[in-house]
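Trainee: I have a structure I would like to understand better, so I am pasting it below and will then ask my questions one at a time.
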Amino acid sequence: EDQVTQSPEALRLQEGESSSLNCSYTVSGLRGLFWYRQDPGKGPEFLFTLYSAGEEKEKERLKATLTKKESFLHITAPKPEDSATYLCAVQALGGSYIPTFGRGTSLIVHP
Amino acid sequence: KAGVTQTPRYLIKTRGQQVTLSCSPISGHRSVSWYQQTPGQGLQFLFEYFSETQRNKGNFPGRFSGRQFSNSRSEMNVSTLELGDSALYLCASSPGGGGTGELFFGEGSRLTVL
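The listed protein sequences derive, respectively, from chains A and B. Be aware that the first sequence starts at 1, since it is given in the numbering used here, and climbs by one per residue. Be aware that the second sequence starts at 1001, since it is given in the numbering used here, and climbs by one per residue.
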């Protein structure tokens, strides 16, 4: 069974204090790993797709990286508007392609 | 381009009642998936429809059902509501075809069961 574990569950940062969120996964074969951002009261918003170990994607202050067992979402010099819950999901090769989601990391950035 | 639209946004029901939620996907998207989100379980997959056919189903009881219409709009129904059905129900659309993890979510329907 595919498993996705995100850590920490919650993270508080000061504005400008860089940090990383972790997503570790267990899947028989990885088709893709996805990062989403979810603001309170809204649906998740797609951020990145990563397909193979060593791949990196960047968007503004966010950079996602992938290894064979985990992915990191690095947040550089965060701003209060980066506060949200960040969700990771994995899609396995073969069988159902329905992504399995982790429970997310709730990030709060204080001004 | 309009996003995924879900109605109603909020609703309150009592145990034993039934509820129908509606989802209009992004124009041109043929796949619609439904998820239940709760603080304890996170995002749990309910089912996926493509071209009016249920293509995948999650591990939920038969009280949860859905359908998709020829215009790709989808509805899900929960019968005999239980307290544990209180959750945010999210609809997501994608272009379809071979299946992608890049989903476009609506803002959800917040269901409270009393």
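Ideal Cβ positions, reconstructed from N, Cα and C, are used throughout, including at glycine. Treat the numbers as computed from the prediction; the structure is a model and nothing was measured.
Please list the partners that A:Pro40 has in chain B, where partner means a Cβ-to-Cβ separation under 9 Å.
Mentor: Walking along the first sequence from the start, residue 40 of chain A turns up at place 40. By Cβ distance, chain B contributes nothing, its closest Cβ being about 11 Å from A:Pro40, past 9 Å.
Trainee: Could you check what DSSP says for A:Leu47 in three-state terms: helix, strand or coil?
Mentor: Residue numbering aside, residue 47 of chain A sits at position 47 when the first sequence is read from its first letter. Looking at A:Leu47 - three-state DSSP - the assignment turns out to be strand.
Trainee: Any Cβ of chain A within less than 9 Å of the Cβ of B:Gly1028?
Mentor: Within the second sequence, numbered from 1, the residue matching residue 1028 of chain B stands at position 28. No, no contact with chain A.
Trainee: State the Cα-Cα distance for the pair A:Pro44 and A:Leu87, rounded to the nearest angstrom.
Mentor: Working through the first sequence from its first residue, we reach residue 44 of chain A at position 44. Working through the first sequence from its first residue, we reach residue 87 of chain A at position 87. Answer to the nearest angstrom: the Cα atoms are 8 Å apart.
Trainee: Among residues of its own chain, excluding the 5 on either side of B:Leu1021, which ones have a beta-carbon nearer than 6 Å to its beta-carbon?
Mentor: As a working mapping, residue 1021 of chain B is identified with position 21 in the second sequence. Excluding residues within five positions, the ones whose Cβ falls inside 6 Å are Met1076, Tyr1089, Ser1109.
Trainee: Please state whether DSSP places B:Gly1066 in a helix, a strand or coil.
Mentor: Sequence index remark: in the second sequence, residue 1066 of chain B carries index 66 (1-based). B:Gly1066: strand per DSSP, three-state reduction.
Trainee: What residues of chain B sit near A:Ile75, judged by a beta carbon separation below 8 Å?
Mentor: Within the first sequence, numbered from 1, the residue matching residue 75 of chain A stands at position 75. Those within 8 Å of A:Ile75 in chain B number zero; the least Cβ separation is about 21 Å.
Trainee: Straight-line CA distance for A:Lys57 to A:Leu47?
Mentor: By one-based count along the first sequence, residue 57 of chain A stands at place 57. By one-based count along the first sequence, residue 47 of chain A stands at place 47. Distance between the alpha carbons of A:Lys57 and A:Leu47: 9 Å.
Trainee: Considering only DSSP beta bridges, list what B:Arg1110 is partnered with.
Mentor: On the second sequence, position 110 is the one that residue 1110 of chain B refers to. According to DSSP, which records beta bridges pairwise, B:Arg1110 is partnered with B:Tyr1010, B:Leu1088.
Trainee: I'd like to know whether the C-beta of A:Glu45 is nearer than 9 Å to at least one C-beta of chain B.
Mentor: Indexing the first sequence from 1 puts residue 45 of chain A at position 45. True, the Cβ-Cβ gap to chain B drops below 9 Å.
Trainee: Would B:Cys1023 and B:Gly1106 qualify as a contact pair, given that the criterion is a beta-carbon distance under 9 Å?
Mentor: Residue mapping note: residue 1023 of chain B aligns to position 23 of the second sequence, counting from 1. Residue mapping note: residue 1106 of chain B aligns to position 106 of the second sequence, counting from 1. Yes, the pair counts as a contact, with Cβ atoms nearer than the cut-off.
Trainee: Inspect the beta-carbon positions of B:Ser1033 and B:Ser1093 and report whether they are closer than 9 Å.
Mentor: The count along the second sequence starts at 1 and reaches residue 1033 of chain B at position 33. The count along the second sequence starts at 1 and reaches residue 1093 of chain B at position 93. Yes; because the gap between Cβ atoms is below 9 Å, this pair is in contact.
Trainee: Under a CB-based cut-off of 9 Å, is A:Pro99 close to chain E?
Mentor: The structure shown contains no chain E; its protein chains are A and B.
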